[in-house]
Structure formats: structure tokens, C-alpha cells
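So for the sequence shown, my numbering puts the first residue at 93; every next one is plus one. Written out below as C-alpha cells is the structure these notes cover.
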Amino acid sequence: MGYLREAGEIYLARNYRRFPVAFVRGRGARLWDEEGREYLDFCAGIAVCALGHSPPEVVQAIRTQAERLLHVSNLYWTEPQVRLARVLVEHSFAERVFFCNSGAEAVEAALKLARRRAWLEYGPGKTRIVALENSFHGRTYGALSATGQPAYWEGFEPLVPDFVHIPPNDLEALSKAVDERTCAVILEPILGEGGVIPLSREFLETTRRLCDRNGALLIFDEIQTGIGRTGHLFAYEHYGILPDVLCLAKGLAGGLPLGAVLAREGVMEALSPGSHASTFGGNPVCCAAALAVLERVLAPDFLAEVRLKGKALEKGLRDLCTKFPEKLRGVRGLGLLLALETRFPASELLQALFEKRILTTAPKPEVLRFTPPLIISYREIDALLAALEEILASS
Ligand SMILES: *Cc1c(COP(=O)(O)O)cnc(C)c1O
93 MGYLREAGEI YLARNYRRFP VAFVRGRGAR LWDEEGREYL DFCAGIAVCA
143 LGHSPPEVVQ AIRTQAERLL HVSNLYWTEP QVRLARVLVE HSFAERVFFC
193 NSGAEAVEAA LKLARRRAWL EYGPGKTRIV ALENSFHGRT YGALSATGQP
243 AYWEGFEPLV PDFVHIPPND LEALSKAVDE RTCAVILEPI LGEGGVIPLS
293 REFLETTRRL CDRNGALLIF DEIQTGIGRT GHLFAYEHYG ILPDVLCLAK
343 GLAGGLPLGA VLAREGVMEA LSPGSHASTF GGNPVCCAAA LAVLERVLAP
393 DFLAEVRLKG KALEKGLRDL CTKFPEKLRG VRGLGLLLAL ETRFPASELL
443 QALFEKRILT TAPKPEVLRF TPPLIISYRE IDALLAALEE ILASS
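Encoded structure:
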């Protein structure tokens with residue numbers, strides 16, 4: 093193993109379990125390590141590199157903007173930020189955008205927006221936030237408190253008060269949890285880190301109705317499902333159910349750090365001047381990158397192709413389930429956010445694929461997840477399926 097790992101082991105915090113590889117270059121769905129070995133990427137920086145690695149139009153947009161203006165803060169207007177907000181508004185339910193730098197920051201801003209709007213409209217006391225067990229919303233205190241996985245809380249309590257967690261798709265628990273004290277319900281339309289678990293239409297419709305009845309905001313965390321990942325720009329389009337607040341990050345700027353919160357005017361107005369802020373949020377370079385990403389993702393046929401490729405990968409995975417029923421349980425997900433449920437530790441499959449230089453992730457002990465760049469080719473999908481079949485046949 094090369095110099096980078098040895099030095100990293102000495103100087104870096106030990107908060108990550110990393111694969112024994114250091115990447116130096118990428119292109120499309122391919123990566124190259126220190127020794128020049130090529131890898132096929134079905135991780136894409138955890139659903140971040142929507143257009144693959146170093147897509148030329150994004151690199152060009154970054155280069156042009158970097159030469160023009162790097163940063164001025166949000167004391168002033170900049171063209172990329174205003175243009176990006178306009179594109180997001182024109183392609184969503186929303187009327188206004190708040191920019192930040194990451195997923196956790198977007199969730200944090202959404203939660204603060206919900207509490208403050210309830211306080212402004214109803215007075216103190218309407219502070220409860222309903223979230224789902226097994227959800228993931230990020231690592232800062234508010235986002236961590238929303239996250240419904242106690243393993244992430246270990247050693248960090250006390251958390252932010254007044255969060256309630258209910259099982260996903262449990263209508264009875266939902267009706268019990270949402271009442272007049274609730275200021276928001278936050279959920280991922282498909283629980284990503286939770287193991288790629290889609291919510292039912294009935295559950296989302298009921299949540300929408302209960303939020304309306306109780307004056308609570310419905311927050312969709314589409315940090316993983318947004319920006320074309322599921323075959324539509326936003327996953328909520330599949331369901332036809334609109335949130336009040338939408339959180340974005342990951343794929344938004346194609347590899348640069350950028351988060352966003354989208355809402356209608358009547359909701360976003362709760363963030364009055366001085367109530368919330370970010371020094372770097374909506375940085376011109378990141379916004380220029382995001383504009384280049386969205387131009388491609390919103391071009392004719394791009395999302396239709398994502399849907400077709402998702403179907404091809406899903407069918408291939410289902411065929412493997414038919415072929416190896418004693419090893420595989422099934423397939424879950426939408427578009428190019430897919431997961432294979434295994435009957436043995438998914439880490440074994442992850443490791444075997446890694447040895448064949450194919451990158452995937454295993455968010456749960458028996459779930460292998462695929463989040464390739466949206467520009468993945470059919471040949472690359474076939475290469476993954478062939479490798480999986482070889483591993484499954486020989487183990
Ligand atoms: C990744 C993720 C986050 C956290 O994003 P960071 O940029 O790591 O803070 C929040 N919610 C969901 C659904 C995610 O997938």
C-alpha cells in the first residue's frame with residue numbers, strides 16, 4: 093500500500109473506516125489509484141458525482157468562475173447564486189432558496205425554519221418534530237437528533253429535545269405522533285442510509301394530510317434522492333405529493349460542497365434577515381458547478397435515460413435473485429438508487445467486488461447499494477452484473 097495511506101494513518105482523525113486505496117484521478121464512472129489501477133464506480137462519492145468524475149462541462153464552469161470570482165460572502169449578490177436559485181425554483185414546487193454547504197446544514201436550516209415559523213405563527217410550544225426510525229439526516233446536532241438510528245447517537249446525548257421517531261410506513265404510529273404540538277415531519281421519500289427503503293404512497297399521502305390538518309410543515313430530505321437520482325429531478329415527482337420544504341445537497345454541485353433548502357414564500361419568510369446564515373453558503377464556484385450539472389440533468393431525454401438505465405440494472409439484479417434465491421432476497425429502490433438484499437453479510441459481496449475493482453456501498457448488514465454516476469453506460473452496468481454473477485456462482 094502506498095505512501096498516501098501510510099501518511100494518512102499517522103495524521104488523520106480515525107473516524108472513518110477506509111478501503112485500502114487512494115484515488116488520484118477519475119473520468120466518467122472510472123477511477124484510478126496511486127498505482128494506475130482502474131476501478132468501476134457504483135458509489136460515485138456516495139451519490140454525489142451525478143455526472144461522473146471531473147465531467148468536462150462542470151470542470152469548465154468551475155474554472156471560468158474561479159478565475160472570475162471565488163467568494164464575497166452573502167453580504168452581496170452574485171450571479172451564479174441568483175441564477176441557480178432561479179433554476180431550482182423554476183423546476184420545483186418552491187419559490188425561494190437558502191444555500192448552505194452540506195446535507196447536514198440543509199437539514200439543520202430546514203429544522204430551524206420549521207421551529208421558527210411555528211413560533212412566529214402559533215407562539216411558543218409548537219416544537220415537536222416527527223422523524224422516522226432508521227432515517228439518516230446528517231451528523232450535526234439537529235440533524236443527528238432527527239436521525240432515527242440510535243447507533244449514531246452513542247456518546248453524544250443529550251440530543252436536541254422534542255424529536256419523536258416512528259417506524260417508516262406505519263400509519264397508526266404516524267397518526268398518533270402528529271398533533272397540534274408538531275411543527276414538522278421530516279422524512280426521506282426513500283431511506284438511503286437506512287438501506288434503500290421506499291415509503292409507500294399511502295404513508296406519504298397521510299403525512300401530507302396530517303401536516304395540513306395540524307399546521308405542521310412537511311420536510312422532504314432529498315439529499316440522496318434528489319438531482320435525478322431516482323429518474324426524476326426530485327423523488328417527490330414520482331409520488332405527486334409536494335413537501336413544504338425540500339433539502340438538497342450531494343449531487344447538487346456534482347462533487348463540490350453545496351446544500352440547499354427550498355420552500356414557498358409563505359414558509360421561507362420565517363427566515364427573516366439575521367435569523368439564519370452561512371458564510372460560504374451559495375459560494376459562486378459551487379453554484380456555477382451546480383448550474384452546469386442542472387443544465388445537463390434537465391436536458392431533453394437525460395432523465396428518461398436514467399430511468400431506462402435504472403430499469404436495466406434493476407432487471408439484471410432481479411435475474412440474479414432468481415438465479416441465486418438461496419443467497420439473495422430481492423431488489424429495492426428507484427432509478428439509479430438501487431439495493432440488493434442479501435441472505436449473508438453484504439460486506440462479503442462488497443469486499444469481493446472491491447477485489448474486482450468495482451466500488452459499491454453496504455449501508456446495512458444485508459444490503460448492498462448501487463448509486464452509480466447518472467451517466468453510467470449499459471456496458472458498465474453489464475460489467476457489474478457479470479462480476480456479481482461470477483462472485484455469487486463461486487462462493
Ligand atoms: C448524506 C445525507 C445527509 C447528510 O449529508 P452531509 O453532506 O454528509 O452532511 C443527510 N440526509 C440524507 C438523506 C443523506 O443521504
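Ideal Cβ placement from N, Cα and C applies to all residues, glycine included. All figures in this text were calculated on a predicted structure; none of them were measured in a lab.
In chain order, each beta strand (DSSP E) run of at least 3 residues that lies wholly inside the stretch 204-291: 220-224, 255-258, 274-279
Self-check item: Which of helix, strand or coil DSSP assigns to residue 138
Solution: helix
Grouping DSSP H, G and I as helix and E and B as strand, with all else coil, what is residue 71? Nothing can be reported for residue 71, as the shown portion of the chain is limited to 93 through 487.
Let me make sure I understand the geometry here. Which of 129, 382, 474 has the alpha-carbon closest to that of residue 401? 474
Notebook entry, point to check: By a C-beta neighbour count over all protein chains shown, 10 Å radius and 16 as the cutoff for buried, is residue 163 buried or exposed?
Noted result: Exposed, by the Cβ-count rule.
Write down the C-beta distance between residue 315 and residue 137 rounded to the nearest angstrom, noting that I regard them as a contact closer than 8 Å. So it is not a contact: roughly 13 Å between Cβ atoms.
Which residues mark the beginning and the end of the alpha helix (DSSP H) in which residue 361 is found? Looking at the DSSP string, residue 361 is not in any alpha helix (DSSP H), and its letter there is neither H nor E.
What would DSSP say about residue 347, mapped onto helix, strand or coil? Residue 347 falls in the coil class under three-state DSSP.
Report task. Pair every Cβ in the stretch 297-304 with every Cβ in the stretch 232-250, then say whether three or more of these pairs are closer than 8 Å. Result -> Touching, no, given that fewer than three Cβ pairs across the two stretches are closer than 8 Å.
Relative to the C-alpha of residue 455, which residue among 193, 433, 476 is closest? Comparing Cα positions, the closest option is 433.
Report task. Can you say whether residue 152 is buried or exposed, counting buried as having 16 or more other CB atoms within 10 angstroms of its CB? Result -> Burial state of residue 152 is exposed, judged by a 10 Å Cβ sphere holding fewer than 16 other Cβ atoms.
By a C-beta neighbour count over all protein chains shown, 10 Å radius and 16 as the cutoff for buried, is residue 209 buried or exposed? buried
For this session: Mind checking who residue 313 pairs with in its DSSP beta bridge?
Result: Per the DSSP secondary-structure output, residue 313 pairs in a beta bridge with 339.
Considering only the beta carbon of each residue, do residue 461 and residue 430 sit closer than 9 Å?
yes
Helix, strand or coil at residue 459 according to DSSP, with G and I counted as helix: strand
Point to revise | residue 99: first and last residue of the uninterrupted alpha helix (DSSP H) it sits in | key: 95-103 is the span of the alpha helix (DSSP H), which, as asked, contains residue 99.
* To do: Could you tell me whether any non-hydrogen atom of ligand 1 is closer than 8 Å to the CB of residue 313?
  => yes
Task: Beta-carbon proximity of residue 349 to residue 141, cut-off 9 Å - done: no
Tell me the residue span of the beta strand (DSSP E) that contains residue 133.
130-133
Review point. When you compare only the Cα positions, how much space is there between residue 382 and residue 418?
Key: 44 Å
Beta-carbon gap between residue 260 and residue 224 smaller than 9 Å:
Yes.
**Prompt:** residue 138: beta carbon under 8 Å from a heavy atom of ligand 1?
**Reply:** Residue 138 Cβ: within cutoff of ligand 1.
Residues near residue 472 by beta carbon distance below 8 Å, same chain, minus five either side:
Only residues of its own chain outside the window of five on either side were considered, and among them 121, 132, 464 have a CB closer than 8 Å to the CB of residue 472, listed in chain order.
- Query: Skipping 5 residues on each side, what residues in its chain have a beta carbon closer than 7 Å to that of residue 427?
  - Reply: The residues are 321, 322, 323, 398, 399, 402.
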